[in-house]
Every structure is written in structure tokens, then in C-alpha cells.
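A.B. asks: With numbering that gives the first Met the number 0, the residue at position 15 of the sequence shown is 14, and numbering never jumps. Ideal Cβ positions, reconstructed from N, Cα and C, are used throughout, including at glycine.
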Amino acid sequence: MTDSALTDRGVLRLVGTVLPAGERQELHLSGGLVVDRPTAADVSTVHTGGWIVPGLVDAHCHIGLDQHGAVDRETQEQQAIADREAGALLVRDAGSAADTRWIDDREDLPKIIRAGRHIARSKRYIRNYGWEIEPDELVAYVEQEARRGDGWVKLVGDWIDRDAGDLTACWPAEALDAAIARAHDLGARVTAHVFGEHALPDLLAAGIDCIEHGTGVLPDMLGQLAGRGVAVVPTLIQLENFPEYADQAAAKFPVYSAHMRDLYDRRLERLRDAYEAGVPVYAGTDAGGVLGHGLVAQEIQALTSIGMSGEQALAAGSWAARDWLGVPSTLQPGDPADLVVYDEDPRTNPAVLTHPRVILLRGKVVFSA
């Protein structure tokens, strides 16, 4: 439910405990920003009480996709609204075949940081999702997507190789070295879909910036990941599909099936080890394929299953993720007025994240329960 009566009335005021500082504050919003307390203005109080959190972040999302490929604008809008009403006011779109730039002109929809379109090996990814190319084309496609994205490029690092009957690395080391170096020359960071273990050493050696899923991260990789600040976005809700993928493949690809089951069984241990080793971990749902949108609250809660406290998990889906993506992460004067209000402290009761009281995006109320 939206409350349009308050959205265009001078300065808006909220009072509550503002995170991450945990201090009770009075916030004033105007022109899409947090502002200093006005000395004379038409001030309307939006809400008093509760806990105020910088807008949530879905750091792995696919607005513009469903399980079959690109979707139309009406569906894109529905996806973006579902994310917004879950409190996800910032989305890192980790690959989409659709053009969603029109969303940037809508002040009532979340901000999207795009990674362009997936770059995959020929016949080694989901049909209609990515560019499917060969290694000698990788640098050119990385250049293209670096220019089309918002500072990110997305590679498919591993996928089932039907000849091998298992997950294998998609790219030779020399192709990765040249492509990731070129992305960095262009000011873009590179992330990669990786389920298994075998693709990771070459990706890390080439300077990858982020790993999506991360179920193949092994103990001897943790020092390099942590030391270089290579992030992992686990997509824990998505990982719950691994047993189904294993079942579907069991008859034709038994080795792959067994591998996916093993990755599933070890997922929490491996991701817990990564987090405890100091690897940056952020909340991302992988919505837009087989999963619906609007699941960021559940993903943040799921991060507690790998040993993160409620506060650490919330940071991974709010202020820490905003810092990582280069977006203001506090609610100080001059910062974007993107915030969510909850009736209880979400650090001690993460379940309250599924029940926002008020959501403001660019200083306007877009949801009020």
C-alpha cells in the first residue's frame, strides 16, 4: 500500500532508532535527500518510533529475466515493484538479456546497478540468457558489456560440460587474464557465476572481483579471497534448488548429479569458513530465473545460517552492501532518502524484515503498512 498524501508536502520527518549507529534520531527529508533540520518549513511527520534502516540491497538479482529469457516492460515493472516492496531499494543486476534502462527514469522504482548481459561459453549456459561465445572473443565481449553496464561485467565461470558429464571451467586461464585485465582498464569490476571448485583458481589468479554462489570455495583459497577483498554473494535461497538439479540430471549425468549433491551438502560449511576467514559476503537472491522477486528479507535471514549475527547479516543486505557498491550507506544530511522502517530491531529479530512498516524511496513514501 502506498501513501501518496505525504509524498509532495514540503519536508518529511521521521523519528526512530537509526541503524547502523543505533541512536534515536530525528530525520528530515526533502528533494530526495536527507537534510538538516529546517528552521521554517511545512513539515509532515511520516512515522515516529521503530528502527530505521538504509534501504536494503539485493546484490544478485535479474530484473528483466524469467526462466525463459528476457521479459517485457510490464513484467520488468512488476519485478521491480516486488523488490521495492520488500525493501530492496538498490539492486545489482547480475546479468540480464533485457534492456531495463527505462527504469532509471522512474523515481518510484529501485536504483539498478547493471552488469550488462551474461557472457557464457557456447552451449554452456541457460538458453536465451547470455552471449554464447568462444574464448578468443572474450575480451571483445567484456569490453562491450563493460561499456553497457554500470561498472560490472558478469562471466559464467563454470557450467555442465555434457562431454565431460560434470561441471567444468568455461574459460582457459589466458583468456581470463586478458579479459579481466581489460575490464579493469575500463574501470569495471568482474563477477562470475561459479558453482564448483575447478574454475576458481584461474578466476582468482586473473583478478576476479566477486564470486556468485561460491559453493566450491575451498580452504586453500580463503586467504587469497580475504586478502584481496574478493566478495562472495552466496544466494542461499537459490542453493536450495541444487537437490532438484541433481535429481533431474541423475539418469543422464550421474557424476554431475553427485557433484551437485556434494556441493549442496557442503554449502553451509564452506560459506561459513569463507565468512569466518574475512571474505566479504553480501545478500543476493538470484531472483529473475527460477525464483520470484521480493525475497531479500528471507535471504538476509538465511545468512545467519552461515554464522553471521543478525546485525552482520543485515549489514550484508544494507549499509555494508551499499558501501561495496559505491552508494551512500548512511542517512546523514546529503545522503539519498532511501530507507525502511520496522517495528522491531531487525538486528535481534531478523524475521521482522519481512514486515516493513514504511518504505521511502528518493524521499517519497512508496509503502506504508
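I'd like to check one pair, Ala168 with Ala198: are the Cβ atoms closer than 7 angstroms?
C.D. replies: Against a cut-off of 7 angstroms, the Cβ pair of Ala168 and Ala198 comes out as a contact.
A.B. asks: Return the Cβ separation of Cys209 and Val232 in integer angstroms, given the expectation that the two are a contact with Cβ distance under 8 angstroms.
C.D. replies: At roughly 7 angstroms, the Cβ-Cβ gap stays under 8 angstroms, so Cys209 and Val232 are in contact.
A.B. asks: With 16 as the cutoff for other CB atoms within 10 Å, does Pro279 come out buried or exposed?
C.D. replies: Counting Cβ neighbours within 10 Å, Pro279 comes out buried, since at least 16 surround it.
A.B. asks: Give every residue of the same chain whose Cβ lies closer than 7 angstroms to the Cβ of Gln223, excluding the five residues on either side of it in the sequence, and list them in chain order.
C.D. replies: Within the same chain, Gln223 has close Cβ partners Leu203.
A.B. asks: Does the separation of the CB atoms of Gly150 and Val340 fall below 7 angstroms?
C.D. replies: No, Cβ-Cβ distance for Gly150 and Val340 is not below 7 angstroms.
A.B. asks: Buried or exposed: Gln24, going by 16 or more other Cβ atoms within 10 Å of its Cβ?
C.D. replies: Exposed is the call here.
A.B. asks: Less than 7 angstroms separating the beta-carbons of Ala119 and Glu131?
C.D. replies: Yes; because the gap between Cβ atoms is below 7 angstroms, this pair is in contact.
A.B. asks: What are the residues that DSSP puts in a beta bridge with Lys110?
C.D. replies: For Lys110, which the question treats as bridged, DSSP gives the partners Leu89.
A.B. asks: Taking a contact to mean a Cβ-Cβ separation below 7 angstroms, would you say Gly54 touches Leu88 in this structure?
C.D. replies: Yes, Cβ-Cβ distance for Gly54 and Leu88 is below 7 angstroms.
A.B. asks: By DSSP, does Pro332 sit in helix, in strand, or in coil?
C.D. replies: Correct three-state label for Pro332: coil.
A.B. asks: Does the beta-carbon of Val357 have 16 or more other beta-carbons within 10 angstroms, so that it is buried, or is it exposed?
C.D. replies: That one is buried.
A.B. asks: So what's Gln66 in DSSP terms, helix, strand or just coil?
C.D. replies: Gln66 falls in the coil class under three-state DSSP.
A.B. asks: For Thr47, I'd like the list of residues in its chain whose CB is within less than 6 angstroms of its CB, leaving aside the five on either flank, ordered along the chain.
C.D. replies: Result list for Thr47: Val14, in chain order.
A.B. asks: What's the C-alpha gap between Pro355 and Leu235?
C.D. replies: Cα-Cα distance, rounded: 22 angstroms.
A.B. asks: Measuring CB to CB, does Thr99 end up less than 7 angstroms from Gly68?
C.D. replies: Contact: no.
A.B. asks: Tell me whether Tyr128 sits in a helix, a strand or coil according to DSSP, three-state version.
C.D. replies: Coil at Tyr128, not helix or strand.
A.B. asks: Quick test of your reading: His292 and Gln78, contact by CB under 8 angstroms. State the CB separation rounded to the nearest angstrom.
C.D. replies: Correct: roughly 5 angstroms between the Cβ atoms.
A.B. asks: In angstroms with no decimal places, state the Cα-to-Cα distance between Val141 and Val34.
C.D. replies: Their backbone Cα atoms lie some 40 angstroms apart in a straight line.
A.B. asks: From the DSSP secondary-structure annotation, give me the bridge partner or partners of Lys363.
C.D. replies: For Lys363, which the question treats as bridged, DSSP gives the partners Leu360.
A.B. asks: Any idea what DSSP makes of His292, helix, strand or coil?
C.D. replies: Note: His292 maps to coil in three-state DSSP.
A.B. asks: Evaluate Leu217 with the Cβ neighbour count: other Cβ atoms within 10 Å of its Cβ, from every protein chain shown; 16 or more gives buried, anything less gives exposed.
C.D. replies: With fewer than 16 Cβ atoms within 10 Å of its Cβ, Leu217 is classed as exposed.
A.B. asks: At the level of alpha carbons, what is the spacing between Pro37 and Ala20?
C.D. replies: If I take the Cα positions, the gap works out to 23 angstroms.
A.B. asks: Would you kindly report the start and end of the unbroken beta strand (DSSP E) that includes Pro200?
C.D. replies: Careful: Pro200 lies outside any beta strand (DSSP E), inside the alpha helix (DSSP H) at Leu199 to Ala205.
A.B. asks: Tell me the rounded alpha-carbon separation between Leu294 and Val90.
C.D. replies: Using only the alpha carbons, I get a separation of about 12 angstroms.
A.B. asks: Could you tell me how far apart the beta carbons of Asp157 and Gly195 are, in whole angstroms, since I believe they sit closer than 8 angstroms?
C.D. replies: So it is a contact: roughly 5 angstroms between Cβ atoms.
A.B. asks: Please report the Cβ distance between Gly9 and Ala39, rounded to the nearest whole angstrom; I am assuming they are in contact, meaning their Cβ atoms lie under 8 angstroms.
C.D. replies: About 10 angstroms; that fails the 8 angstroms criterion.
A.B. asks: Using 8 angstroms for Cβ pairs, my map puts Phe252 next to Gly164. What's the rounded Cβ distance?
C.D. replies: So it is a contact: roughly 5 angstroms between Cβ atoms.
A.B. asks: State the start and end residues of the unbroken alpha helix (DSSP H) segment that holds Glu84.
C.D. replies: Segment Arg72 to Glu84, the alpha helix (DSSP H) holding Glu84.
A.B. asks: Just grab the DSSP bridge partners of Gln24 for me.
C.D. replies: Gln24 is bridged to Gly15.
A.B. asks: From Ile207 to Leu221, what does the alpha carbon distance come to, in whole angstroms?
C.D. replies: Rounded to the nearest angstrom, the two C-alpha atoms are 14 angstroms apart.
A.B. asks: Let me know the beta strand (DSSP E) ranges lying completely inside the region 217 to 255, each 3 residues or longer, listed in chain order.
C.D. replies: Entirely contained in the region 217 to 255, the beta strand (DSSP E) runs reaching 3 residues are, in chain order, 230 to 232.
A.B. asks: Specify, as a first and last residue, the run of the alpha helix (DSSP H) that His183 falls within.
C.D. replies: Taken as a continuous stretch (DSSP letters only), the alpha helix (DSSP H) holding His183 covers Ala172 to Asp184.
A.B. asks: Go through its chain and collect everything with a Cβ distance to Pro134's Cβ below 7 angstroms, but skip five positions before and after it.
C.D. replies: Only Trp170, Pro171 and Ala174 meet the Cβ criterion.
A.B. asks: Please state if the CB of Val52 and the CB of Leu18 are separated by a distance shorter than 7 angstroms.
C.D. replies: Closer than 7 angstroms, so yes.
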